[in-house]
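A.B. asks:
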Amino acid sequence: MGSVNHPLAGFCRDCLTLQHSAVRRCHACGSPRLLHHDELYSLSLAHIDCDAFYAAVEKRDNPDLRDKPLIIGGGKRGVVSTACYIARIHGVRSAMPMFKALEACPQAVVIKPDMEKYVRVGREIRQLMLELTPMVEPISIDEAFLDLKGTERLHRDPPARVLARFARRIEDEIGITISIGLSYCKFLAKVASDFEKPRGFSIIGEKEALSFLRDKSVTLIWGVGKAFAATLQADGIRTIGQLQEMEEAALMRVYGTMGQRLYRLSRGMDVRRVEPEGEMKSVSSETTFNTDLSSANDLVPILRSLSEKVSRRLKAGGIAGRTVVLKLKSQDFKSRTRNRQLSDPSQLADRIFRTGLQLLEKELDGTKFRLIGIGVSDLEDADKADPPDLVDNQATKRAVAEGAIDRLRTKYGNKAVETGYTFGTGRTERPPGNGKG
Ligand SMILES: [Mg+2]
1 MGSVNHPLAG FCRDCLTLQH SAVRRCHACG SPRLLHHDEL YSLSLAHIDC
51 DAFYAAVEKR DNPDLRDKPL IIGGGKRGVV STACYIARIH GVRSAMPMFK
101 ALEACPQAVV IKPDMEKYVR VGREIRQLML ELTPMVEPIS IDEAFLDLKG
151 TERLHRDPPA RVLARFARRI EDEIGITISI GLSYCKFLAK VASDFEKPRG
201 FSIIGEKEAL SFLRDKSVTL IWGVGKAFAA TLQADGIRTI GQLQEMEEAA
251 LMRVYGTMGQ RLYRLSRGMD VRRVEPEGEM KSVSSETTFN TDLSSANDLV
301 PILRSLSEKV SRRLKAGGIA GRTVVLKLKS QDFKSRTRNR QLSDPSQLAD
351 RIFRTGLQLL EKELDGTKFR LIGIGVSDLE DADKADPPDL VDNQATKRAV
401 AEGAIDRLRT KYGNKAVETG YTFGTGRTER PPGNGKG
């Protein structure tokens, strides 16, 4: 043994001492909370979920409540937001009407939710998560996916141990408990975290995914709610194992794109990545017209105005995009998306507009459009954006002019400066900006 890479070496979740698989209690601290798994040191995708979060925070702040059944809820909606585990033993559940909850557990203490406090604690936890990896994708105030792939050298420990240490840290520093699911994909990491709450740490490996899922209900699958489960049941499908026996084409024929999801998730195939918070993929602006438009005269000024909107948002965020994306939707709801890469990232309305215009000109074939949108993707920091262009002198002049226009607008407001393109051409009655922006 001696090494975490030894296939038999599990570890104790309380003291992290390595353990041989044959033991049932930690030989160092006596704890029964041991982790063993064939894939213990190769899995890196985690789902972390706080246990009865609101209730746990209130119990932390008032130790008198610790051993009492506690319900967080009431207020306007009159339902249970969170029930502590003691209240759950009495049958209290989330979203239960309060009067029912109190029928089930009359001795329960009821506290109105203090959202501000929970948000604050949620943020503290998120900060600690970000010390483990930047790859943190929050799902709600008290849960997140973490991808710990490639962090082993930084932490000098495999993800499983990093996570166990993290659970201890949350208990010590925040004063609440969490449950962890560790797997190779989001779907099963989330399933795992729910497996032995509270203070759980469950692992679902790649090799056992099929057999693990076989006897589970279809409702375990993401996107299968009550209504869809009823549809499946009417078709004779109740378990994930049944889905595992079916062909992808057959499932898609009957259930469309959902059929594809059923096929994949039932087999533990889930390629969704962990997407860190705040990682915007694009900045865009679009507008739908009251009357369908087909001419350059009508469309170009709108494109200009939308480009300026996009540029303002890029400048405000200190970001720039390397690819300009034009989106059109025709009268018959067909979408056209065209894009062009720039030599360097830009946040200038003029550059975004001119590139968009080149793309638009090719699409003006008499088609009537109901929507136009412009945006940039491949976002990065603005520090490399729009370098002084030695070749295209005009472009530099325009950039300088745009800087001046921006300064005027900051001073006098957006309406103070209109470029030639957004000036009247007889369409002031239908200004863009009713799109989602
Ligand atoms: Mg939770």
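Residues 1 to 437 (full-length UniProt numbering) are what the sequence shown spells out, left to right.
Each residue gets a CB set at the ideal place from its N, CA and C atoms; glycine is no exception.
Remember, it's a predicted structure, so these values are computed and weren't measured experimentally.
(1) In angstroms with no decimal places, state the Cα-to-Cα distance between L364 and S294.
(2) Should the segment 33-46 be called in touch with the segment 144-159, which here means at least 3 C-beta pairs below 8 Å?
(3) What's the gap between the Cα of E361 and the Cα of R313?
(4) Please name the residue in A52, L359, S94, A167 whose C-alpha comes closest to that of M129.
(5) In angstroms with no decimal places, state the Cα-to-Cα distance between L342 and G205.
(6) Beta-carbon within less than 7 Å of L348's beta-carbon, same chain only, minus the 5 sequence neighbours each way: which residues are those?
(7) Apply the 10 Å Cβ neighbour rule to R156 and answer buried if 16 or more other Cβ atoms are within range, or exposed otherwise.
(8) If you measure from the CB of residue 439, is any heavy atom of ligand 1 nearer than 7 Å?
(9) Exposed or buried, which one is G223 when buried takes at least 16 other CB atoms within 10 Å?
(10) Do G73 and V110 have their CB atoms nearer than 8 Å?
(11) Heavy atom of ligand 1 less than 7 Å from the Cβ of D49, yes or no?
(12) Examine ligand 1 and report whether any of its heavy atoms sits within less than 7 Å of the Cβ of S195.
(13) Name the residue from D194, D292, S94, R409 whose alpha carbon lies nearest to the alpha carbon of K368.
(14) Determine the closest residue to E380 out of P301, K281, K327, T288, with distance taken between C-alpha atoms.
(15) Assign C12 to buried or exposed, taking buried as 16 or more other Cβ atoms, counted over all protein chains shown, within 10 Å of its Cβ.
(16) Going by the DSSP bridge assignment, what does N339 pair with across the sheet?
(17) When you measure from the CB of F166 to every non-hydrogen atom of ligand 1, does any distance come out below 7 Å?
(18) So, at 8 Å on beta carbons, what are the nonlocal neighbours of M252 in its own chain, with the 5 sequence-adjacent residues on each side left out?
(19) Roughly how many whole angstroms lie between the Cα atoms of C15 and P32?
(20) Please name the residue, chosen from R126, C50, A9, that lies closest to C26 on a Cα-to-Cα basis.
(21) My output table needs one value for G256: the three-state DSSP class, helix, strand or coil.
(22) Straight-line CA distance for A229 to K327?
(23) Starting from the C-beta of K68, find all residues in its chain whose C-beta is less than 6 Å away, skip the five residues before and the five after it, and write them out in chain order.
(24) In chain order, what residues of the same chain lie with their CB nearer than 6 Å to the CB of F53, ignoring the 5 residues before and after it?
(25) Excluding the 5 residues flanking E196 on each side, which residues of the same chain have their C-beta closer than 8 Å to its C-beta?
(26) T291 lies in the alpha helix (DSSP H); which residues open and close that run?
(27) So, for L303: in the same chain, excluding its five sequence neighbours on each side, which residues have a beta-carbon less than 7 Å away from its beta-carbon?
(28) Which same chain residues end up closer than 6 Å to S266 when comparing Cβ atoms and leaving out the 5 residues on each side of it in sequence?
(29) So is residue 438 buried or exposed if we call it buried at 16+ other beta carbons inside 10 Å?
(30) Taking the straight line between their C-alpha atoms, what separation do you get for A209 and H37?
(31) Is the Cβ-Cβ distance between T323 and S377 less than 8 Å?
(32) Can you find a heavy atom of ligand 1 that lies under 7 Å from the Cβ of F53?
(33) If you check the beta carbons only, do V79 and P106 fall under 8 Å apart?
(34) First and last residue of the beta strand (DSSP E) that includes L182?
(35) Only counting the same chain, and skipping five residues up and downstream in sequence, which positions put a Cβ closer than 6 Å to that of L232?
(36) Using the rule of at least 16 other Cβ atoms within 10 Å of the residue's Cβ for burial, across every protein chain shown, is V119 buried or exposed?
C.D. replies: Checking against the coordinates, here is how it stands:
(1) Looking up residue 364 in the sequence shown gives position 364. Looking up residue 294 in the sequence shown gives position 294. Cα to Cα, L364 sits roughly 7 Å from S294.
(2) yes
(3) As a position in the sequence shown, residue 361 is number 361, starting the count at 1. As a position in the sequence shown, residue 313 is number 313, starting the count at 1. Taking the straight line from one Cα to the other gives about 25 Å.
(4) For the purposes of this step, residue 129 is taken as residue 129 along the sequence shown, with counting starting at 1. The shortest Cα separation from M129 among A52, L359, S94, A167 belongs to A167.
(5) Translated into positions along the sequence shown, residue 342 becomes position 342. Translated into positions along the sequence shown, residue 205 becomes position 205. Cα-Cα distance, rounded: 43 Å.
(6) As a working note, residue 348 is residue 348 in the sequence shown. Contacts found: S311, D386, A399, E402.
(7) By one-based count along the sequence shown, residue 156 stands at place 156. So R156 ends up on the exposed side.
(8) No answer is possible for residue 439: it lies beyond the span of the chain, which begins at 1 and ends at 437.
(9) Counting from one through the sequence shown, the residue named residue 223 turns up at place 223. G223 is exposed by the Cβ-count criterion.
(10) As a first step, residue 73 must be located in the sequence shown, where it is residue number 73. As a first step, residue 110 must be located in the sequence shown, where it is residue number 110. Yes. Within cutoff.
(11) Residue numbering aside, residue 49 sits at position 49 when the sequence shown is read from its first letter. Correct: D49 has its Cβ closer than 7 Å to ligand 1.
(12) The residue labelled residue 195 in the question sits at position 195 within the sequence shown. In the sequence as displayed, the identity of residue 195 is Phe instead of Ser. Not so, every heavy atom of ligand 1 lies at least 7 Å from the Cβ.
(13) By 1-based counting over the sequence shown, the position of residue 368 is 368. Answer by Cα proximity: D292.
(14) To locate residue 380, count along the sequence shown from 1; it is residue 380. Closest by alpha carbon: K281.
(15) Counting from one through the sequence shown, the residue named residue 12 turns up at place 12. By the neighbour-count rule (16 or more Cβ atoms within 10 Å), C12 is buried.
(16) Locating residue 339 in the sequence shown gives position 339, where the first residue counts as 1. For N339, which the question treats as bridged, DSSP gives the partners V325.
(17) The residue labelled residue 166 in the question sits at position 166 within the sequence shown. No - ligand 1 has no heavy atom lying nearer than 7 Å to the Cβ of F166.
(18) Counting from one through the sequence shown, the residue named residue 252 turns up at place 252. G259, Q260, Y263.
(19) Numbered from its first residue, the sequence shown carries residue 15 at position 15. Numbered from its first residue, the sequence shown carries residue 32 at position 32. Between C15 and P32, the C-alpha separation is close to 11 Å.
(20) Along the sequence shown, one-based indexing puts residue 26 at 26. Cα-wise, what sits closest to C26 is A9.
(21) If you number the sequence shown from 1, residue 256 lands on position 256. Correct three-state label for G256: coil.
(22) Counted from its first residue, the sequence shown places residue 229 at position 229. Counted from its first residue, the sequence shown places residue 327 at position 327. Distance between the alpha carbons of A229 and K327: 36 Å.
(23) The count along the sequence shown starts at 1 and reaches residue 68 at position 68. Around K68: V109.
(24) Taking the first residue of the sequence shown as 1, we reach residue 53 at position 53. Cβ neighbours of F53 beyond the five flanking positions: D142.
(25) Within the sequence shown, numbered from 1, the residue matching residue 196 stands at position 196. Within the same chain, E196 has close Cβ partners S179, S202.
(26) For the purposes of this step, residue 291 is taken as the residue at position 291 of the sequence shown. Segment 282-293 is the beta strand (DSSP E) holding T291; no alpha helix (DSSP H) there.
(27) As a position in the sequence shown, residue 303 is number 303, starting the count at 1. Here the set comprises F353, G356, L357, L360, I372, I374.
(28) Here the question's residue 266 lines up with position 266 in the sequence shown. I240, L243, Q244, listed in sequence order.
(29) Examination of residue 438 is not possible in this model, given that the chain is present from 1 through 437 alone.
(30) The residue given as residue 209 occupies position 209 in the sequence shown. The residue given as residue 37 occupies position 37 in the sequence shown. Each residue's Cα considered, the two are about 13 Å apart.
(31) For the purposes of this step, residue 323 is identified with residue 323 of the sequence shown, where counting begins at 1. For the purposes of this step, residue 377 is identified with residue 377 of the sequence shown, where counting begins at 1. Against a cut-off of 8 Å, the Cβ pair of S377 and T323 comes out as a contact.
(32) Stepping through the sequence shown from its first residue, residue 53 is reached at position 53. Indeed, a heavy atom of ligand 1 lies less than 7 Å from the Cβ.
(33) As a first step, residue 79 must be located in the sequence shown, where it is residue number 79. As a first step, residue 106 must be located in the sequence shown, where it is residue number 106. No. Outside cutoff.
(34) The sequence position of residue 182 within the sequence shown is 182, counting from 1. Here the beta strand (DSSP E) through L182 covers 178-183.
(35) Taking the first residue of the sequence shown as position 1, residue 232 is located at position 232. Same-chain partners within the cutoff: V218.
(36) The residue given as residue 119 occupies position 119 in the sequence shown. Label assigned to V119: exposed.
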